[in-house]
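Trainee: Going by my numbering, the sequence shown opens with residue 1022, and the numbers climb by one from there. Pasting a structure below so you can have a look.
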Amino acid sequence: MSRISSCFEKLKVEGRKALIPYVTAGDPAPGVTLPLMHAMVESGADIIELGVPFSDPMADGPVIQLACERALSHNTSLRDVLAVVVEFRKTDQTTPVVLMGYLNPIEVMGYEVFAEEASAAGVDGVLTVDLPPEEAVEFGALMKAKDIDVIYLLAPTTVESRVEKICAAGSGYVYYVSVKGVTGSASLDVADVASKLDVIRKHTDMPVGVGFGIRDDASARAVSEVADGVIVGSVLVNKIAELADQQDKIPEAVAAITGSMRQAMDK
């Protein structure tokens, strides 16, 4: 059983939902990411989505676009991100790590090389925003051979026939985008999310994580009541941006947010 599956199984037994924070690797500087990952785990994060900086993050709003710019200003590459995972695995063999980003850096590295190096680093899942399942046959097979989950996004506008197709192609968990638009762009309607999750669950037994629009303890708790996982990104990346000139304070400050969300979800 993969680390992601084990994580969700454990949480199910405990009657809890997964807290899945997203941060961009190398933001605001390369040395911050590793202690930040450990701090988030210590505060209650179950899975970490680690963003791979990209120059044209078209699914992301200005908050994460700026995070990518800060990381890229330090030339943070896909190999640098994998190196962070290697370091993380030296002391944490349990927490799943999902790389989230875009296809171009992986294409530049080469699918086979990426599969080998991601597996060796200890990566558990990959979410490439701009790779639809129809074009992921070779990539998906290489990831599956290395027991790395390929995670796909579903949107409010995804029709049911495509929900079925995407659920069949993916593994690990389904990432449901709760609002129309880019990351951080709108407030979510939890009742509408719950309705859409009912449709998704007709087509898969995989856990469903919900992201985009989760800003605080209340929204994290509300989403945890209908979803299997709560994915939070922009509010954390905003805090990182606020403290870009006080980098030693970032792990504690971000962990305070995730820890508070954890408590709210567990009430």
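Where is the CB? At the ideal position from N, CA and C, for every residue including glycine.
1. Within this structure, are the beta carbons of residue 1251 and residue 1235 separated by less than 8 Å?
2. Going by DSSP, which residues form a beta bridge with residue 1193?
3. Does the beta-carbon of residue 1291 have 16 or more other beta-carbons within 10 angstroms, so that it is buried, or is it exposed?
4. In angstroms with no decimal places, state the Cα-to-Cα distance between residue 1257 and residue 1113.
5. Looking only at C-alpha atoms, which of 1277, 1149 and 1063 sits nearest to residue 1081?
6. Let's test the definition: count the other Cβ atoms within 10 Å of the Cβ of residue 1283 and tell me whether it reaches 16, buried, or not, exposed.
7. Would you mind working out which of 1053, 1039 and 1106 sits nearest residue 1266, comparing C-alpha positions?
8. According to DSSP, simplified to helix, strand and coil, what is residue 1082?
9. Given a threshold of 16 other Cβ atoms within 10 Å of its Cβ, counted over all protein chains shown, does residue 1243 qualify as buried or as exposed?
10. Is residue 1029 near residue 1194, with beta carbons less than 8 Å apart?
11. Compute the Euclidean distance between the alpha carbons of residue 1144 and residue 1104, then round it to the nearest angstrom.
12. How about the segment 1026 to 1042 and the segment 1062 to 1073: do they share at least three Cβ pairs that are nearer than 8 Å?
13. Quick one: what's got a C-beta closer than 8 Å to residue 1168's C-beta in the same chain, skipping five residues either side?
14. Leaving out five residues on either side along the sequence, give the residues of the same chain with a beta carbon under 6 Å from the beta carbon of residue 1285.
15. Straight-line CA distance for residue 1210 to residue 1218?
16. At which residue ranges does the segment 1158 to 1246 contain complete beta strand (DSSP E) runs of 3 or more residues, listed in the order of the chain?
17. Given this structure, state the Cα-to-Cα distance separating residue 1057 from residue 1273, to the nearest angstrom.
18. What residues in its chain sit with their C-beta under 7 Å from that of residue 1170, if we drop five residues either side in the sequence?
19. Whose C-alpha, out of 1155, 1161 and 1119, is nearest the C-alpha of residue 1186?
20. Label residue 1269 either buried or exposed according to how many other C-beta atoms from any shown protein chain fall within 10 Å of its C-beta, with 16 as the threshold for buried.
Mentor: Short version:
1. The Cβ atoms of residue 1251 and residue 1235 lie closer than 8 Å to each other.
2. Paired residue(s): none; residue 1193 is not in a bridge.
3. Because residue 1291 is not part of the residues shown, which for the chain are 1022 to 1288, the question remains open.
4. The C-alpha of residue 1257 lies about 21 Å from the C-alpha of residue 1113.
5. Residue 1149 is the option with its Cα nearest to residue 1081.
6. Buried: at least 16 other Cβ atoms inside 10 Å.
7. When only C-alpha atoms are compared, the closest one is 1053.
8. In the three-state scheme derived from DSSP, where H, G and I count as helix and E and B as strand, residue 1082 is classed as coil.
9. Residue 1243 sits buried, since 16 or more C-beta atoms from the chains shown fall within 10 Å of its C-beta.
10. The answer is yes: Cβ separation under 8 Å.
11. Spanning the two alpha carbons is a distance of roughly 11 Å.
12. Cβ pair count under 8 Å is three or more, so yes.
13. 1023 and 1140.
14. Once the five neighbours on either side are set aside, the close Cβ partners of residue 1285 are 1238, 1241 and 1242.
15. C-alpha separation (whole angstroms): 12 Å.
16. DSSP runs (the beta strand (DSSP E)) wholly in the segment 1158 to 1246: 1195 to 1198 and 1229 to 1232.
17. Those two C-alpha atoms are separated by around 8 Å.
18. Answer for residue 1170: 1023, 1025, 1145, 1146, 1192 and 1193, listed in chain order.
19. The closest CA to that of residue 1186, considering only 1155, 1161 and 1119, is found on 1155.
20. Counting other Cβ atoms within 10 Å of its Cβ, residue 1269 stays below 16 and is therefore classed as exposed.
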